[in-house]
Structures are given as structure tokens and as C-alpha cells.
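Following: one structure in C-alpha cells, then a few remarks.
There are 2 protein chains.
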Amino acid sequence: MKVLVLGAGQLARMMALEALPLNIDVEAFDVRSDQIIHPLSQQVLGEGLQQALREADVVTAEFEHIPLSVLEPCQQSGKFFPGSTAILAGGDRRREKALLQQAEVSTAAFCLVKNRADFDAAITSLGLPLVLKSALEGYDGKGQWRIKSPEQADDVWADIAQFLKQSSKKINQGIVAEQFIPFDYEVSLVGARANDGQVKWYPLTENHHVNGVLSVSLARAQHPLQAKAEQMFNAIAEQLNYVGVLAIEFFVVGDTLLVNEIAPRVHNSGHWTQQGSDSSQFANHIRAVCGLPLGETNLQRPTLMVNILGIDQLPENLLAIPELHLHWYGKTARPGRKMGHINLSAEAPAQLKQRFAQLIKLLPAEHFPELETMLPRIADI
Amino acid sequence: MKVLVLGAGQLARMMALEALPLNIDVEAFDVRSDQIIHPLSQQVLGEGLQQALREADVVTAEFEHIPLSVLEPCQQSGKFFPGSTAILAGGDRRREKALLQQAEVSTAAFCLVKNRADFDAAITSLGLPLVLKSALEGYDGKGQWRIKSPEQADDVWADIAQFLKQSSKKINQGIVAEQFIPFDYEVSLVGARANDGQVKWYPLTENHHVNGVLSVSLARAQHPLQAKAEQMFNAIAEQLNYVGVLAIEFFVVGDTLLVNEIAPRVHNSGHWTQQGSDSSQFANHIRAVCGLPLGETNLQRPTLMVNILGIDQLPENLLAIPELHLHWYGKTARPGRKMGHINLSAEAPAQLKQRFAQLIKLLPAEHFPELETMLPRIADI
Numbered sequence: 001m002k003v004l005v006l007g008a009g010q011l012a013r014m015m016a017l018e019a020l021p022l023n024i025d026v027e028a029f030d031v032r033s034d035q036i037i038h039p040l041s042q043q044v045l046g047e048g049l050q051q052a053l054r055e056a057d058v059v060t061a062e063f064e065h066i067p068l069s070v071l072e073p074c075q076q077s078g079k080f081f082p083g084s085t086a087i088l089a090g091g092d093r094r095r096e097k098a099l100l101q102q103a104e105v106s107t108a109a110f111c112l113v114k115n116r117a118d119f120d121a122a123i124t125s126l127g128l129p130l131v132l133k134s135a136l137e138g139y140d141g142k143g144q145w146r147i148k149s150p151e152q153a154d155d156v157w158a159d160i161a162q163f164l165k166q167s168s169k170k171i172n173q174g175i176v177a178e179q180f181i182p183f184d185y186e187v188s189l190v191g192a193r194a195n196d197g198q199v200k201w202y203p204l205t206e207n208h209h210v211n212g213v214l215s216v217s218l219a220r221a222q223h224p225l226q227a228k229a230e231q232m233f234n235a236i237a238e239q240l241n242y243v244g245v246l247a248i249e250f251f252v253v254g255d256t257l258l259v260n261e262i263a264p265r266v267h268n269s270g271h272w273t274q275q276g277s278d279s280s281q282f283a284n285h286i287r288a289v290c291g292l293p294l295g296e297t298n299l300q301r302p303t304l305m306v307n308i309l310g311i312d313q314l315p316e317n318l319l320a321i322p323e324l325h326l327h328w329y330g331k332t333a334r335p336g337r338k339m340g341h342i343n344l345s346a347e348a349p350a351q352l353k354q355r356f357a358q359l360i361k362l363l364p365a366e367h368f369p370e371l372e373t374m375l376p377r378i379a380d381i
Numbered sequence: 001m002k003v004l005v006l007g008a009g010q011l012a013r014m015m016a017l018e019a020l021p022l023n024i025d026v027e028a029f030d031v032r033s034d035q036i037i038h039p040l041s042q043q044v045l046g047e048g049l050q051q052a053l054r055e056a057d058v059v060t061a062e063f064e065h066i067p068l069s070v071l072e073p074c075q076q077s078g079k080f081f082p083g084s085t086a087i088l089a090g091g092d093r094r095r096e097k098a099l100l101q102q103a104e105v106s107t108a109a110f111c112l113v114k115n116r117a118d119f120d121a122a123i124t125s126l127g128l129p130l131v132l133k134s135a136l137e138g139y140d141g142k143g144q145w146r147i148k149s150p151e152q153a154d155d156v157w158a159d160i161a162q163f164l165k166q167s168s169k170k171i172n173q174g175i176v177a178e179q180f181i182p183f184d185y186e187v188s189l190v191g192a193r194a195n196d197g198q199v200k201w202y203p204l205t206e207n208h209h210v211n212g213v214l215s216v217s218l219a220r221a222q223h224p225l226q227a228k229a230e231q232m233f234n235a236i237a238e239q240l241n242y243v244g245v246l247a248i249e250f251f252v253v254g255d256t257l258l259v260n261e262i263a264p265r266v267h268n269s270g271h272w273t274q275q276g277s278d279s280s281q282f283a284n285h286i287r288a289v290c291g292l293p294l295g296e297t298n299l300q301r302p303t304l305m306v307n308i309l310g311i312d313q314l315p316e317n318l319l320a321i322p323e324l325h326l327h328w329y330g331k332t333a334r335p336g337r338k339m340g341h342i343n344l345s346a347e348a349p350a351q352l353k354q355r356f357a358q359l360i361k362l363l364p365a366e367h368f369p370e371l372e373t374m375l376p377r378i379a380d381i
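Residue numbers (the UniProt record's numbering), protein chains in the order written: chain A, 1 to 381; chain B, 1 to 381.
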């Protein structure tokens with residue numbers, strides 16, 4: 001069996017690592033270069049989407065910012081999962097909000113902004129502070145603005161107007177204005193839906209971001225909001241007749257959950273599943289899109305993940321910490337770039353906390369800020 | 001970092017799967033074709049040993065039947081682990097017996113046989129029944145004879161003489177005669193030794209063979225002979241100044257262990273470690289030969305392994321059994337060929353037993369004989 005993945009980054013690579021033992025070959029389509037790549041050897045296997053599409057049994061995606069010119073032939077092939085509707089909803093906040101409304105799940109109050117009049121109306125109707133996000137190509141904190149007081153309106157709008165002018169040359173850009181949510185913390189739910197409608201969810205994961213980029217994810221077994229999150233997952237997945245792994249990010253506010261955004265794919269906050277559960281999100285995505293039964297998703301060991309950003313070397317004695325696993329992506333280092341991640345597990349939360357403290361001491365602090373803020377959270381899992 | 005593996009089969013492939021996330025590239029040298037292969041993409045990367053040796057940081061092996069013409073330049077490179085002495089001991093039962101004597105570990109009584117006079121002397125000195133094994137190229141039950149009564153001597157020797165005549169055209173073949181051990185069952189110990197002498201052992205594994213080929217391996221936590229096996233492992237590994245994963249097969253006779261044979265490499269009876277322990281034998285072999293700290297080897301979940309021989313398809317609903325993992329090797333099916341394996345885990349032994357019974361029902365019985373003989377053994381683990 002052959003699976004074609006749109007995108008040739010680390011997510012395709014980690015899918016391929018799980019697919020190979022199932023005798024499923026993964027090829028990756030690099031949307032920018034138009035090349036077909038072997039995600040494990042990096043060998044160029046060919047050029048152009050058409051032939052790869054013909055040869056593939058299944059097509060899927062590792063990211064959602066894919067041009068329509070690529071999505072359309074994939075959708076027409078009849079073998080694209082989770083399909084272009086889901087990918088488009090993940091890549092355009094306007095479609096995403098419409099989907100969340102249809103699924104009747106709670107979100108922050110929001111409105112669409114195309115011009116200054118819309119912007120002023122948003123401030124009036126939603127109140128301040130506001131978060132403004134570009135509709136397209138926004139991820140890892142890119143294309144986001146905040147306004148806290150009316151005096152900032154002119155400056156913030158000047159920034160946004162400049163951004164819109166630049167990006168709308170190429171694409172149908174827009175802005176979504178959202179009421180700022182003073183959330184307690186952020187969680188995500190990663191789950192897999194099979195083509196027969198069977199769904200399995202991993203436990204909720206608590207996520208800590210630094211400068212808009214995920215820094216640490218901590219799997220939380222038996223979180224009191226797990227069932228609520230699963231209901232919301234189902235509402236969204238059923239709207240899309242979804243097949244594959246879907247990730248949903250939530251704000252936790254007291255005992256309520258608000259959907260922040262969705263990712264129609266395997267997700268950085270699910271990387272801990274490689275060590276903490278029987279079947280990782282990558283294995284389950286491959287199983288789902290290939291029509292195979294899903295693997296187990298329960299938390300087997302208390303586990304957390306730390307992202308490695310911008311550097312391609314770490315002290316070798318890190319691996320002396322028990323149950324620590326390095327996952328490098330084989331990429332060339334650039335400042336802020338996701339280069340790999342560390343998974344850390346333990347027998348029990350107290351041991352995980354101790355090992356995490358040990359890890360923090362060994363990591364270069366300048367590349368791993370704020371890790372210690374997650375330490376006290378481990379007591380709760 | 002780049003590791004060159006001598007041999008391009010499934011063991012190199014499974015090492016490469018574990019090495020990639022460590023940003024360690026594995027290349028495989030196919031001893032027969034003289035080609036350098038990418039073990040995950042099967043791409044031919046080059047030809048000839050010399051250049052690959054120059055480019056590699058570390059050289060290791062996935063099997064022990066390697067010609068001296070290959071072993072010698074590897075040894076001379078100074079980066080070959082576990083090194084040619086260990087590989088030669090694994091590939092020649094005469095050297096293996098000498099090693100075991102030096103290490104002062106118990107084995108069956110044995111003697112070397114070159115001609116009919118030696119053969120008759122072996123019958124007299126060791127008694128019947130006897131097991132006779134070819135010194136070279138013997139594995140998976142190949143090159144083995146048994147003699148139970150004096151009347152069989154002429155027939156058995158005729159077979160052996162014919163075998164010696166054929167194989168000694170190419171190699172310095174010989175025969176080792178061993179006293180037959182009426183063992184209770186067979187176990188193996190897989191362990192890893194780092195270049196600083198640190199050793200970690202997996203739990204003893206009970207092995208069930210059919211026609212001389214491994215069929216099922218069952219990890220046994222807290223086996224009463226674990227400590228004894230570890231002592232014997234250390235005695236052998238220290239003799240060899242061993243670096244890497246080493247496997248030792250034992251006969252269990254009451255409360256004693258007799259070494260049957262050693263394998264200076266990752267071993268089929270350690271495949272369960274991919275699911276049952278934190279760091280698999282493949283990960284730990286890579287860590288050891290690359291000079292990295294070893295990963296944890298304790299049994300995290302009751303786990304067993306079933307070999308898939310001769311077929312390249314199994315019912316898809318196998319994957320619906322919880323905690324069942326398929327590991328295919330991407331090979332073309334031939335009768336009796338090792339095509340893949342199944343790992344099965346559970347929360348507790350009783351659950352593993354139940355899942356194994358479920359698995360046995362789904363497997364085509366003609367390709368999986370005698371599995372049910374292992375069912376009652378699970379109660380003990």
C-alpha cells in the first residue's frame with residue numbers, strides 16, 4: 001500500500017516511521033518544490049503531483065496551508081483523507097469559525113474584519129481586549145495582533161492594513177477578531193476517526209506556549225473536562241465526516257472549554273503519544289486513512305514533550321535520563337525552527353516531575369525558556 | 001552520525017527505524033551484492049565496502065556469517081563494534097565453544113568432529129543421544145543432525161560426510177558434537193553493553209521453536225534464573241570486551257542454565273522489546289555502538305512475539321486486537337522465510353493470555369503451528 005502525504009516535513013517523516021512496519025510506503029509531496037520525496041531517506045522519487053496521485057492508494061496531508069491547485073486534484077482522486085473541506089477549514093479561520101458554529105461548539109465571540117469600519121465595529125461589539133488573527137497562513141503565533149485599549153486602535157490598524165495590503169496580493173486574506181479569553185490554561189484533544197465512524201481519543205494534553213509557539217505538552221489522564229472535549233471533538237468530526245487524526249485546541253476557563261482552533265492532521269501537542277501510549281498519533285493517522293482498525297490511545301505512562309527550537313545539538317548525557325527519547329527531524333537549524341522534540345516518561349507523576357527537573361538542568365536555558373513553569377503542573381496529572 | 005551495518009535485512013531495517021529519530025543515518029552493506037543500501041527506502045546508495053567504511057562513523061553487523069574479506073577491513077577501521085572476534089565467535093561454533101570455556105560458563109558437554117574416528121569417539125565419550133551441528137553457516141536449525149542409537153551411526157555419518165564434502169569446497173567447515181540436553185524449555189537473555197562497560201539486560205525470554213525456527217517469544221519478568229543469566233552474560237561480554245547488543249540462548253534444566261549459543265547482535269527473541277520495554281534492543285544497539293547512554297530495558301507491559309514465516313498477508317482485523325503491533329520486513333514471500341513478526345502486549349498476564357487466544361483464532365493455523373503450546377506458559381510470567 002502507498003500513502004502520499006501533502007507536505008514533506010517532520011510530520012510526514014514520523015508517519016512514515018510508523019507506516020513502514022505495516023508494509024505501507026509513504027511518499028511526501030513537497031508543495032513548494034513540486035517534488036516527491038522519500039520522507040525517511042530524503043531521496044527525490046519524482047516530480048509533479050499527477051503521477052504520484054495515480055500511484056497512491058491513499059492521499060493525506062501533514063499541514064493545512066495548501067494551495068487549491070493542489071487540493072482539487074487530490075479531492076477529485078477520491079482517495080484524499082480527511083479531504084479538502086477539512087483541510088480548508090484548518091487553513092482559513094473564516095471557514096474554521098463557520099464550521100465550529102455549525103458544530104455548535106463554544107468558542108470566543110468573534111467577527112470578521114475586512115476594513116477599518118469592521119475593525120471599529122468589532123471593538124464596539126466584542127469589547128477590549130481583542131485578539132486579531134489573519135484568516136490565512138496564521139500559525140505558531142504568526143499573523144496575530146492584540147489591542148488592549150482604544151488608544152492603540154490607530155497603530156494596530158495601521159499594522160493590520162499593511163499586512164493585508166501585502167498578503168492580499170497573493171491570496172484572499174482577511175482578519176478574524178476574537179474576544180480575548182482570560183483562560184486558565186490551554187489544552188488540546190487529539191483523536192482519530194476511522195472510516196467506519198469509530199473514534200478514539202488520547203487524553204487531554206496541557207500545552208504551554210512561549211511567543212505563540214508550543215514549548216511543552218503534558219498528557220493529563222482523567223482530566224475532568226475529557227468527556228466534554230470528546231463530545232466537542234465528535235461534533236466537529238461528524239460535521240466533516242472526518243477520517244484521520246484531528247487535533248482541537250481549547251481554552252480552559254473554570255470548568256468550561258472554548259475551542260480555540262482545530263488542526264486537521266497530526267499535531268505537535270500529540271507527539272508525546274510516541275512514548276506515552278500504545279499507538280502514536282502517527283500510527284493511528286496511518287491506520288485511519290488506510291482503513292485499518294485504530295490502535296489503543298490511553299495513557300500508559302505519565303509523559304510530557306518538550307519542543308527543540310532552533311538548535312540541532314543537545315548534550316549527549318540527556319539520554320542518560322531514564323525513559324527520555326529524542327526525536328530529531330533531520331533539518332538544518334534556523335532560529336526558532338522546530339528541529340525536534342524530547343519525550344519524557346515515568347512510572348508515576350512524582351517520578352516524571354523529578355526527571356523533568358533533571359532535564360531542565362541539562363538543557364541550555366536560552367533555548368528552553370519557561371520550562372520550569374510546567375513543573376508544578378505535573379503534580380496534578 | 002553515520003552507522004554502516006553489515007547485512008541489509010530486517011535487523012538493519014529495524015535499527016535504522018530507531019536510529020533516524022536520533023539523527024543517526026544507517027546504511028546497510030549487502031554482503032552478497034556488494035551494494036550499499038538505504039535500509040528504509042531500499043535505495044542503492046553505492047557499491048563496494050571501502051568508500052562506505054571511510055564515510056561511516058561506526059560499523060556494526062546484523063548477522064555473523066560474514067566472510068573474513070569483509071570483516072578484516074571493518075576491524076582495521078577501528079570503528080567496528082562489537083568487533084570481528086565477537087562476530088567470528090558467533091559464526092563458528094568451534095570459536096564459540098572456546099569462548100564459552102574461557103568465560104567459564106556451563107554448556108552441554110561437547111567435542112569437535114572432523115572425521116569418522118572423531119565421530120565414533122564422540123559417541124563413546126559423550127554418550128547418546130547426540131546433537132551434531134555444523135561449525136559454520138548453521139542457523140535456524142540448518143546443518144544439524146541427531147543420533148539416538150548406535151544403529152543410526154552409519155546413516156548419520158553418511159549425511160554429515162556428504163555435507164562436509166560439499167561445504168568444505170568453499171570454507172573451513174567442521175562439526176561440533178554435543179551431548180543432548182533434555183531441557184525443560186529454552187530462554188534467551190538479550191542485553192546491551194556500552195563502551196564504558198555499563199550493561200543493561202532485558203528480562204529473560206522464553207522461546208518456543210518449531211522445526212528449529214523461533215516461533216514465539218514470551219518476556220518473563222522476575223524469572224528466578226535472571227540473575228544467574230546476567231552473570232553468565234557478563235562473563236561472556238567481558239571476554240569479548242563487547243560493545244552493542246548480545247543475545248545468549250540457554251537451556252533451562254531444573255534450576256540450572258546451560259548456554260546453547262550466542263548471537264553477537266540484536267536477536268529475533270528480542271523483537272518484543274519494541275513494544276514491551278522503554279528502549280528496544282535496536283535502539284540500545286545503536287546507542288551502545290554510537291557511544292550514547294543506554295535506554296531502559298525493564299518490562300513495562302507483559303509482551304510476547306510471534307514470528308510470521310513464509311506469508312506476506314494477514315487478516316486486517318488482527319489490528320483490532322488491542323496492543324497488537326505488526327512489524328513487516330518488506331520482503332518477498334518464500335516458504336519458511338522470516339517475513340515479519342507480531343508483538344502483543346497487555347496490562348497483565350491474564351489479559352495477555354486472553355488476547356493471545358484471540359490472536360491464535362485469527363491466524364491461519366497452517367502457517368502458525370503449535371502456538372497454543374505457549375498459552376499455558378503465560379500464566380507464569
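Even glycine gets a Cβ: it sits at the ideal position worked out from N, Cα and C.
Nearest-angstrom Cβ-Cβ length linking residue i and residue j, presumed shorter than 8 angstroms
i	j	result
residue 240 of chain B	residue 135 of chain B	Contact flag wrong, Cβ pair sits at about 19 angstroms.
residue 100 of chain A	residue 245 of chain A	18 angstroms between Cβ atoms; not a contact.
residue 377 of chain A	residue 206 of chain A	6 angstroms
residue 130 of chain B	residue 176 of chain B	The pair is not a contact, with the Cβ atoms about 10 angstroms apart (cut-off 8 angstroms).
residue 267 of chain B	residue 247 of chain B	3 angstroms
residue 20 of chain B	residue 17 of chain A	7 angstroms
DSSP three-state assignment for residue i, whether helix, strand or coil
i	result
residue 167 of chain B	helix
residue 235 of chain A	helix
residue 80 of chain A	strand
residue 265 of chain B	coil
residue 208 of chain B	strand
residue 222 of chain A	coil
residue 298 of chain A	coil
residue 29 of chain B	strand
residue 243 of chain B	coil
residue 148 of chain A	coil
residue 130 of chain A	strand
residue 363 of chain B	coil
residue 62 of chain A	coil
residue 270 of chain B	helix
residue 372 of chain B	helix
Residues that DSSP places opposite residue i in a beta bridge
i	result
residue 305 of chain A	A:217, A:343
residue 112 of chain A	A:176
residue 256 of chain B	B:253
residue 92 of chain A	A:136
residue 35 of chain A	A:30, A:47
residue 289 of chain B	Looking at the DSSP assignment, residue 289 of chain B forms no beta bridge with any residue, so it has no partner.
residue 107 of chain B	B:259
residue 326 of chain B	B:342
Beta-carbon contacts of residue i that lie in its chain and below 6 angstroms, excluding the five residues immediately before and after
i	result
residue 370 of chain A	210
residue 249 of chain B	188, 260, 261
residue 327 of chain B	340, 341
residue 105 of chain B	232, 235, 259
residue 82 of chain B	242, 243, 244, 264
residue 74 of chain A	59, 80
residue 312 of chain A	333, 339
Other residues of its chain near residue i: CB distance less than 7 angstroms, five sequence neighbours each side excluded
i	result
residue 108 of chain B	178, 179, 181, 258
residue 102 of chain A	239
Residues near residue i in its chain [Cβ-Cβ closer than 8 angstroms; skip 5 each side]
i	result
residue 255 of chain B	224, 225
residue 66 of chain A	6, 7, 31, 87, 91
Worksheet item: If we count Cβ pairs, one from each stretch, closer than 8 angstroms, do we get three or more for the region 343-350 of chain A versus the region 9-16 of chain B?
Response: no
Worksheet entry | Contact between the region 211-219 of chain A and the region 159-166 of chain A (3+ Cβ pairs under 8 angstroms) | no
Worksheet item: Using 8 angstroms as the Cβ pair cut-off and three pairs as the minimum, do the region 57-66 of chain B and the region 29-45 of chain A touch?
Response: no
Worksheet item: Is there contact here, the region 273-282 of chain B with the region 25-38 of chain B, by at least three beta-carbon pairs under 8 angstroms?
Response: no
Fill in: At least 3 beta-carbon pairs within less than 8 angstroms: the region 307-321 of chain A vs the region 286-301 of chain B
yes
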